[in-house]
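Engineer:
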Amino acid sequence: MRLTLFVLLVVVGVSGLAVAIPTTPGPEAERLEQAELEARMIRVAGTLIASSAPAERAAGLLLAEQAKLWQTKEQPLLSEAEFVEDLHGLIEEADSALTRALLAQLCRMTDRVVDCRRRGLDEAIVALDGAELLARLHLTEPGDLMRARDVMVSAEHLAPRHTDFAMTVLDGIDAQTDAPSTRAQMAALALAPITLPPLSPIADLCQQRADNDAALDQACERLLNAMMDRGDNLLLTALASNLTAQRAEAAGDTLAVARHDSWKAELLEFSGCAGAVGMESLAAEEPRLIREFLRRWERGGEASALAFLATQAGLDCGLPPPPPARADAQR
Numbered sequence: 014m015r016l017t018l019f020v021l022l023v024v025v026g027v028s029g030l031a032v033a034i035p036t037t038p039g040p041e042a043e044r045l046e047q048a049e050l051e052a053r054m055i056r057v058a059g060t061l062i063a064s065s066a067p068a069e070r071a072a073g074l075l076l077a078e079q080a081k082l083w084q085t086k087e088q089p090l091l092s093e094a095e096f097v098e099d100l101h102g103l104i105e106e107a108d109s110a111l112t113r114a115l116l117a118q119l120c121r122m123t124d125r126v127v128d129c130r131r132r133g134l135d136e137a138i139v140a141l142d143g144a145e146l147l148a149r150l151h152l153t154e155p156g157d158l159m160r161a162r163d164v165m166v167s168a169e170h171l172a173p174r175h176t177d178f179a180m181t182v183l184d185g186i187d188a189q190t191d192a193p194s195t196r197a198q199m200a201a202l203a204l205a206p207i208t209l210p211p212l213s214p215i216a217d218l219c220q221q222r223a224d225n226d227a228a229l230d231q232a233c234e235r236l237l238n239a240m241m242d243r244g245d246n247l248l249l250t251a252l253a254s255n256l257t258a259q260r261a262e263a264a265g266d267t268l269a270v271a272r273h274d275s276w277k278a279e280l281l282e283f284s285g286c287a288g289a290v291g292m293e294s295l296a297a298e299e300p301r302l303i304r305e306f307l308r309r310w311e312r313g314g315e316a317s318a319l320a321f322l323a324t325q326a327g328l329d330c331g332l333p334p335p336p337p338a339r340a341d342a343q344r
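Residue numbering for the sequence shown follows this note's numbering, starting at 14 and increasing by one per position.
1. Kindly indicate which residue of 305, 281 and 114 has the alpha-carbon position closest to the one of residue 292.
2. Taking the alpha helix (DSSP H) that residue 101 belongs to, which residues open and close that run?
3. Would a C-beta distance cut-off of 8 Å place residue 259 and residue 221 closer than the cut-off?
4. By the 10 Å Cβ neighbour count, where 16 or more other Cβ atoms means buried, how is residue 123 classified, buried or exposed?
5. Is the beta carbon of residue 76 less than 8 Å from the beta carbon of residue 58?
6. Locate the alpha helix (DSSP H) running through residue 308, then write down its first and last residues.
7. Please state if the CB of residue 52 and the CB of residue 61 are separated by a distance shorter than 8 Å.
8. Since I believe residue 118 is in contact with residue 151 (beta carbons under 8 Å), could you give me their beta-carbon distance rounded to a whole number of angstroms?
9. Under the three-state reduction of DSSP, which class applies to residue 64: helix, strand or coil?
10. Is DSSP giving residue 213 helix, strand or coil here?
11. For residue 319, which residues of its own chain have a beta-carbon under 6 Å away from its beta-carbon, when the five flanking residues on both sides are left out?
12. What are the start and end residues of the alpha helix (DSSP H) that includes residue 259?
13. How many whole angstroms separate the CB atoms of residue 179 and residue 209, which I take to be in contact at a CB cut-off of 8 Å?
14. In terms of residues, what are the limits of the alpha helix (DSSP H) holding residue 276?
15. Can you name, in chain order, every residue of its own chain whose Cβ lies under 7 Å from the Cβ of residue 107, other than the five neighbours on each side?
16. Ends of the alpha helix (DSSP H) at residue 233?
17. Could you say which of 126, 188 and 317 lies nearest to residue 101 if we only look at CA atoms?
18. Select from 276, 230, 263 and 268 the residue whose C-alpha is nearest the C-alpha of residue 252.
19. Could you check where the alpha helix (DSSP H) with residue 196 kicks off and where it finishes?
20. Using the three-state DSSP reduction, which class does residue 73 fall into: helix, strand or coil?
21. Taking 8 Å as the threshold (C-beta atoms), are residue 263 and residue 337 in contact?
22. Helix, strand or coil for residue 157, going by three-state DSSP, please let me know.
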């Protein structure tokens, strides 16, 4: 997808995370169109908040909170008291891993990590979702490396949810009476990174071997291998490759460093090819494309989805090779 079509502002490792929806500087007509898009997405948030499904309500609260970061003149959907009441209620009735993950992100985004942990969200994730790492990292305050270390050591699995939030927002868009809008669909897609975890604790704790902390060192190896083995998000995979290469360099394994450097060069070549695709124009011609892109991302990973998108534009970008850790595991 061509990055000039929309801007993603992702701030990882801090308490806030802002994502800009599709925007193109232009004349007054364009600014009015942008204002209408923001208003429409706020209506989508209201639709989701009114749902009886906890996951949709959590997504609605997250979208409504995101709306506060846009340059919008719309009134907030909820007062502060109403927001807190809904958040606390959802923590008590969270019925799925997705709901808990969205709530964890919401708690971090609104600087309510301590309150949410006090309300039992962290324990619920551990008890009901096997101490899922990425959701629990959302409930770790910025700079609290001791808790981040404990979360990483106790994590039982890694379950990124890169597409769930965007798909839920798409459902909310479809429920509106407004005419279908490619820009609204693109806005939903642009919001996908909002569920990324804070990555700085992983980088801080795993960039070199912890010789005096065997449990952490094993957790880092397990986490980095899982991030590369899943390969469903190119940012997470590239981060894991970088950290693994740093650890290999510290250990004097120049061959492993060279393998990771070679893989990153091929990933960059693939990204350059896939990045030439104009997704918004493709989606305008074929509205189902964005959902199909997200489905393919969910089933086969981000690279597979981007390769599919490229074929729709008449490009053959191929696929990047598996990162070295995955290749080693297959031998």
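Every residue, glycine too, gets a C-beta built ideally from N, C-alpha and C.
Bear in mind that the values here come from a model prediction, so they are computed numbers and not experimental data.
Structural biologist: Once the coordinates are examined:
1. 305
2. 93-106
3. yes
4. buried
5. yes
6. 302-313
7. In this structure, residue 52 does not lie closer than 8 Å to residue 61 by Cβ.
8. 5 Å
9. Note: residue 64 maps to coil in three-state DSSP.
10. Residue 213 carries a helical assignment under DSSP once its states are collapsed to helix, strand and coil.
11. 287
12. 247-263
13. Contact between residue 179 and residue 209 does not hold, since the beta-carbon distance rounds to 12 Å and is not under 8 Å.
14. 267-287
15. 67, 113, 116 and 137
16. Residues 227-243.
17. 126
18. 276
19. 195-203
20. helix
21. In this structure, residue 337 lies away from residue 263, with their beta-carbon atoms at least 8 Å apart.
22. Three-state DSSP puts residue 157 in coil, outside helix and strand.
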